[in-house]
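Numbering (UniProt numbering), first residue to last: 1 to 151.
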């Protein structure tokens, strides 16, 4: 009953005045919708927002093109100049003799130029992310990674 009530209230609010929802709030709604669809299975499907409202939320999660540098950011809050970059294997050199992976030249340049353009960026390396077994572990990791950017 709670999920149904929440879905109805949110859907009504988005339908009436989508501009009353900030980009950050729409991003959070997108994450909630993902949770419903991916982790709640069929039970969650019935509580999904209608397609137009889901699209409004999803747009807030799309890559952001930083105009001064020309770089795209995986997840960005432009108003706060905060970003999270999901760095896959192509962003790193092969592990050294101690097994340490270091960012490659293009990744270091991107980080340096984004910082010079006023962005605070947190990197989420694939090898750390892949080490987590549960959604809770990933959530805790992201909270810790983003916390220094917010202060």
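Positions of the beta carbon are idealized from the N, C-alpha and C atoms, including for glycine.
For clarity, every value in this text was computed on a predicted model and none was experimentally measured.
Query	Result
Quick check on this structure: which residue in 98, 113 and 99 has the alpha carbon closest to the alpha carbon of residue 105?	113
In whole angstroms, what is the alpha-carbon distance linking residue 97 and residue 19?	53 Å
Using a Cβ-Cβ cutoff of less than 7 Å, which residues in the same chain neighbour residue 91 once the five nearest sequence positions on both sides are dropped?	103, 104 and 107
Near residue 138, which residues of its chain fall below 6 Å by C-beta distance, leaving aside the five closest residues on each side in sequence?	132
Please look up how many angstroms separate the CB atoms of residue 74 and residue 85, rounded, as I've assumed it's under 8 Å.	5 Å
Could you tell me the boundaries of the alpha helix (DSSP H) in which residue 111 lies?	105-116
The alpha helix (DSSP H) spanning residue 77 covers which residue range?	Where residue 77 is concerned, there is no enclosing alpha helix (DSSP H), although the beta strand (DSSP E) it sits in stretches over 75-77.
Would you kindly report the start and end of the unbroken alpha helix (DSSP H) that includes residue 135?	135-150
Under 8 Å, do residue 68 and residue 115 count as touching if we go by C-beta distance?	no
Work out the CA separation of residue 110 and residue 128 for me, nearest whole Å.	20 Å
Taking just the CA atoms, how far does residue 81 sit from residue 21?	19 Å
Is it buried or exposed for residue 150, if we count other Cβ within 10 angstroms and need 16 for buried?	exposed
Please report the straight-line C-alpha distance between residue 78 and residue 124, rounded to a whole angstrom.	19 Å
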